[in-house]
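What follows is a short report on a single structure.
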Amino acid sequence: MSREASPAADTEDVLLSFLDNDGAVVEAKRRFTTASFLAFVRTQEATRRDQQAPRWVWDDTASFYPNLLAADVRVQRCYDLRLSHTILRNSSLTRKSALAVAEPGVWDASPAAARVIRETGTALFDLQVELAPAPDPAAEFACQLAAVASSSEPRRIRLLLAAESAGALVAAEMRFAGLPWNTAAHEDLLARELGPRVPYGVRPDRLEQLAGTIRTLLGEATLNPDSQQDLLKALQNAGLQYGGLPLLSTQQWHLTEIDHPVIAPLLQYRKLSRLLSANGWSWLDAWIVEGRFHAEYLPGGVVTGRWAARGGGALQLPKQVRGAVVADPGWTFVVADAAQLEPRILAALSSDLAMARAGHGTDLYEGIVASGVVETRAHAKVAMLGAMYGATTGESGRLLPRLARAYPRALGLTEDAARAGERGDIVTTRLGRSSPRPSQAWMDAQAQAYAQSASNADERRARSQARDWGRFTRNFVVQGSAAEWALCWMAEIRKQLWLLEDETLAGFGRSPAAGRGRGLFGDAPHLVFFLHDEVIVHTPIALAGEVAAVVTGAAAAVGKLLFGTFPVDFPLTVATVQNYADAK
DNA sequence: GGCGGAGGCGCC
DNA sequence: AGGGCGCCTCCGCC
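Heads up, the working numbering is the position in the first sequence plus 17, with the first residue counted as 1.
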């Protein structure tokens, strides 16, 4: 639980400053102890709520903000130096800045390494970092402001840094609040599927039965179905084939194609075994505290700008267990997801009016069908995904030419991004996050293929690696720009919920700064879950309508923010439900 | 024993 | 021969 997740920093001075409404640094290079800082923030945030809030500038939201939350302090806005540094270091929009051309330093180290350096003054393994000067947030901040100012697109990069920083606040707050989780409902589900609870390491009844069935059907009395090697051998011995050849893998995808009595119980075994190991009783014990799942989100954890998560698999929550996500009594969930977000982002990025029009007022894939490009929604979807992921074969590959004829600008953008990657160039998202450069090994392999001594194998390998990297950059632009849309969406939702909270509290005759009855978020709606293109807000039932309006309004606002007057829609599917499983 | 790769599979 | 992740288990290796 987040209250004890981060070590208290009582002895550590924290250096902070904040920006006023015009972006000027009001207070810089002031050192606080944690206690005095808490008091200072309380005053600032309470007295300035009705104005534009200060933007706190600090080195690392993830290591610092949880302490504030634990002390019942929320801040409205911040600037995260660590996350911003990573963006500015790599962005093509700031490539000529002093920050981008400097040697790697402490701001390029991982958060854990940076913490070690901060606390001990030395790094354990990295000589280059060890020789770097101690981190100076004020100097770093000045360096970052200069990088932004030197950018060819300062508005975009500034927006990206603000969104990334707001995301860091949201991530810490969501972890702190936790996703409401009904342990009893989860246990019921496990008992229904697996049988009565068993100690760790023991196979539940239902799995034991299925294992017996599989052993009988394969004539292998001692087979362990958890061992891929044993299983594959047994399947081969039983004569199972795939495409006329002996089975080489036990993947679901291959097994489903095979007609044999063992397949059904085997797939069922796999499914339940997965449930047990990923979201079984041990998972409940480890991750659910007082009816909440406190997932740790990692903003900027994926190179494309998507979030990653650590612990409990928050971003892989199977549909199977979503029935355990239940709102508190008197509360409900507003669940919203952006419909066909990535293709809509692609349409806007490439200014493809025809594709944008196909998504106007309707399901984008249906719109593609209605335009006569392909026959079915399923075809439209697989073709679009193929365009964004770089499929070349199968149904997707066959449909691509038709898509390319109908939407030359959109498909041209994905092709250009792929070619750039194949050359070893970087690509950049809407707001300015750039892809990493390929590794030295990759560059060497490409150079090797042009050498006189190059063998056919060298050339094949180089071509294959070039195509792999091209698929990465092709996807990077779309996935990364979609991640920016989602970050801005969440930031806007958070801002509007904050305003809604102030109004509501004022309506009850309480001052916004007054203490709240139910912990940090009081009776206020707050974000509790995020999944790439989907959010959940936990809200008192009476406010659900207003929350739905906030979420919808935010999506519209963000479309304008990122793409101006380009006529692209970002429709949402919004559901107000007591139980996450009932959404969609 | 711990570590890490591979296989597999959950989410988008 | 389809992009991005995290996590679990098995299994070979040190």
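Cβ atoms here follow ideal geometry from the backbone N, Cα and C, with glycine treated the same way.
Per DSSP, which residues does residue i bridge with? Please list them.
| i | result |
| --- | --- |
| C95 | W73 |
| L544 | V554 |
| S451 | T445 |
| P197 | R309 |
| N296 | DSSP, once it has assigned bridges, lists no residue as partnering N296. |
| A593 | Position check: residue 593 holds Thr in this sequence, whereas Ala was assumed. DSSP output for T593 lists V351 as bridge partner(s). |
| Y314 | A326 |
| V343 | N596 |
May I ask you to report which of helix, strand or coil DSSP gives residue i?
| i | result |
| --- | --- |
| R309 | strand |
| E181 | helix |
| R175 | helix |
| Q145 | With a pLDDT of 42 at Q145, under the threshold of 50, the modelled position of that residue is not reliable, and the figure given next carries that caveat. Here Q145 sits in helix by DSSP. |
| R327 | strand |
| Y82 | helix |
| R535 | Confidence at R535 is low in this model, with a pLDDT of 49, below 50, so the placement of that residue is unreliable and no value is reported for it. |
| S108 | coil |
| F54 | helix |
| V123 | helix |
| V118 | helix |
| L578 | helix |
| P588 | coil |
| L301 | helix |
| D89 | coil |
| G218 | coil |
| Y406 | helix |
| G138 | Here the model assigns G138 a pLDDT of 47, short of 50, so the residue's position is not dependable, and the following value carries that caveat. Note: G138 maps to coil in three-state DSSP. |
| K8 | Only positions 18 to 601 of the chain appear in the structure, and residue 8 is not among them; the question remains open. |
| P418 | helix |
| G570 | helix |
| D153 | coil |
Taking residue i and residue j to be in contact with their CB atoms under 8 Å, please state how far apart those CB atoms are, rounded to whole angstroms.
| i | j | result |
| --- | --- | --- |
| T349 | Q595 | 6 Å |
| P316 | L177 | Going by Cβ atoms, the distance from P316 to L177 rounds to 12 Å, so no, they are not a contact pair. |
| A326 | E313 | 6 Å |
| T569 | L537 | About 26 Å separates the two Cβ atoms, so there is no contact after all. |
| G340 | A565 | With a Cβ gap of about 22 Å, G340 and A565 do not count as contacting. |
| L227 | Q268 | Actually they are not in contact, since the Cβ atoms of L227 and Q268 sit about 18 Å apart, beyond 8 Å. |
| L283 | L264 | Contact flag wrong, Cβ pair sits at about 12 Å. |
| R419 | E501 | With 8 Å as the limit, R419 and E501 do not qualify as a contact, their Cβ atoms being about 30 Å apart. |
| W515 | A571 | W515 to A571, Cβ: 12 Å. No contact. |
| W75 | C95 | 6 Å |
| V575 | E509 | 6 Å |
| G438 | G487 | 4 Å |
By Cβ distance below 8 Å, which residues in the same chain neighbour residue i in space, the five residues on each side in sequence not counted?
| i | result |
| --- | --- |
| L211 | P221, D222, R223, L224, L289, L292, L293 and G297 |
| L560 | L517, T521 and P542 |
Might you give, ordered along the chain, the residues of its own chain that have their beta carbon closer than 6 Å to the beta carbon of residue i, omitting 5 neighbours on each side?
| i | result |
| --- | --- |
| A365 | F580, F583 and V585 |
| P360 | L381 and M401 |
| G614 | In the structure as shown, the chain begins at 18 and stops at 601. Residue 614 is therefore absent and cannot be evaluated. |
| V338 | N296 |
| M372 | A364, Y424 and A427 |
| S452 | I443, V444, T490 and F493 |
| A397 | Y382, I385, V386 and V391 |
| G540 | Checking the displayed sequence, the identity of residue 540 turns out to be Asp instead of Gly. Result list for D540: P557, in chain order. |
| S114 | A164 and S167 |
| G497 | T321, G322, T446 and R450 |
| A600 | V352, A592 and V594 |
| Y82 | A189 |
Suppose the cutoff is 7 Å on Cβ atoms and the five residues either side in sequence are ignored; what does the same chain contact list for residue i look like?
| i | result |
| --- | --- |
| H277 | L257 |
| F57 | F49 |
| D475 | Q465 and A466 |
| V343 | P197, N199, A202, Q595 and N596 |
| A394 | Position check: residue 394 holds Arg in this sequence, whereas Ala was assumed. For R394, where only same-chain residues beyond five positions count, the Cβ hits under 7 Å are Y382, E383 and V386. |
| G318 | W324 and A325 |
| D247 | L240 and N241 |
| T230 | P282 |
| Y217 | S299 |
| R309 | G195, L196, P197 and W198 |
| D89 | L537 |
| L548 | L332 |
Using a threshold of 7 Å, is the CB atom of residue i nearer than that to any non-hydrogen atom of the ligand NAD?
| i | result |
| --- | --- |
| G487 | The model depicted lacks the ligand NAD and carries no ligand whatsoever. |
* Where are the alpha helix (DSSP H) runs, 4 residues long or more, that stay fully inside the stretch 357-397, in chain order? -> Unbroken alpha helix (DSSP H) stretches of 4 residues or longer found wholly inside the stretch 357-397: 358-366, 370-375 and 381-387, given in chain order.
* Asked: Taking only runs of the alpha helix (DSSP H) that begin and end inside the stretch 243-294, which ones reach a length of at least 4 residues, in chain order?
  -> Counting only runs of 4 or more, we get 245-254 and 269-272.
* To do: May I have a chain-ordered list of the alpha helix (DSSP H) segments no shorter than 4 residues that lie completely inside the stretch 457-532?
  => Fully enclosed alpha helix (DSSP H) runs of no fewer than 4 residues occupy 457-467 and 473-524 of the stretch 457-532, in order along the chain.
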